[in-house]
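Notes to accompany the following structure.
Numbering (the numbering used here), first residue to last: 2 to 291.
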């Protein structure tokens, strides 16, 4: 099967592209390289790279498109809401129309940020969507246009993804904690550290994309582990791996950050998928390969 992965040189997209290529798919990555970090990795596994902006260029022919291109920084989205809507929603509408026109399957990589503050835990796919940031709103709009314009699309709501290659100003909390610990600095926690998240390894995300492709699945799916971990607990694990004593540093909460989050992954498991990498194992691997 020929698959196009947009944002294929970014964090999630590059892992998906590389994994699918290793599994025998013919993969083409499309990326404007604005925030890319994994071009060399794509070359190593034989993924073709097309440099282009999905807001303006048509995608190469394929049987399926995994649309992972997006702006992903919650804080930045408050400063650049227009750019987030254009890049995350309007571009998705353009891709969805092209997929519908060519009878190409669409897998849209979304985010648990669409849910906002949970009304119940764990969060299932029927939970109300009330995003708390322009980023979350832009991903929700992207979901809606994907499903409206490309019937049969699959929407993957990723929870807190971590893994190798997640660096720079748009990295998640795991990578930021490890980066500081590598410099013998304590993690910085925004808030009191009691907030919880569901951390899923990017390799497990890539495996689920393959499952969706193989099963021809459509609809909305949570992609997480079903296990909640406090930010304080995460900091403790990272500091233990680093051999750091003392306490984390604390800073004021950030706007748009929710208090608790954990996925109900029942739907994903019904397709035969299970997350395979426990958090401590993933953190240990990330620490040793950083």
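Each residue gets a CB set at the ideal place from its N, CA and C atoms; glycine is no exception.
For residue 179, the CB contacts under 7 Å within the same chain, skipping 5 residues up- and downstream, are 239, 287, 288 and 291 in chain order. Of all C-beta pairs linking the segment 44–56 to the segment 18–36, three or more are shorter than 8 Å, placing the two stretches in contact.
Inclusion of residue 230 and residue 200 in the CB contact set at 8 Å is warranted, their separation being smaller than that value. With respect to residue 141, residue 216 sits apart: the two C-beta atoms are not nearer than 8 Å. Nearest to residue 175 by C-alpha distance, out of 63, 281 and 211, is 281. Rounded to whole angstroms, the Cβ separation of residue 242 and residue 187 is 13 Å, and the two are not in contact under 8 Å. By the CB criterion at 8 Å, residue 97 and residue 154 fall inside the cutoff. Around the beta carbon of residue 83, a 10 Å sphere encloses fewer than 16 other beta carbons of the protein chains shown; the residue is thus reported as exposed. DSSP places residue 215 in the helix class (H, G or I) of the three-state scheme.
With fewer than 16 neighbouring CB atoms inside 10 Å of its own CB, residue 34 falls in the exposed class. The closest CA to that of residue 162, considering only 124, 202 and 189, is found on 202. The closest CA to that of residue 37, considering only 10, 279, 91 and 63, is found on 10. In this structure, the CA atom of residue 232 is about 6 Å from the CA atom of residue 197.
The closest CA to that of residue 261, considering only 118, 112, 100 and 17, is found on 118. Of the candidates 205, 128, 144 and 245, 245 places its Cα closest to the Cα of residue 185. Annotated three-state conformation of residue 202 is strand, per DSSP.
Residue 220 is bridged by DSSP to 155. Take the alpha-carbon of residue 150 and the one of residue 70: they are about 18 Å apart. Linking residue 274 to residue 135 through their CA atoms gives a straight-line distance of about 31 Å.
Non-local C-beta neighbours of residue 143 in its own chain, meaning closer than 6 Å and more than five positions away in sequence, comprise 89, 90 and 93, ordered along the chain.
Residue 157 sits close to residue 224, with the two beta carbons spaced by under 8 Å.
With a threshold of 16 other beta carbon atoms within 10 Å, residue 277 falls short and is exposed. Counting every other CB atom within 10 Å of its CB across the protein chains shown gives residue 111 a total of 16 or more, marking it as buried. Between residue 105 and residue 66, the gap from beta carbon to beta carbon is short of 8 Å. Shortest Cα-Cα distance from residue 268 to any of 254, 209 and 236 involves 209. Under the criterion of beta carbons closer than 8 Å, residue 109 and residue 128 do not qualify as touching, at roughly 18 Å.
Residue pairing for residue 38: DSSP places it in no beta bridge. If you draw a 10 Å sphere on the C-beta of residue 3, you find fewer than 16 other C-beta atoms in it, and that means exposed. Separation of the CB atoms of residue 206 and residue 28 is rounded to 16 Å, and the pair is thereby denied contact status at 8 Å.
Rounded to whole angstroms, the separation of the alpha carbons of residue 85 and residue 59 is 20 Å.
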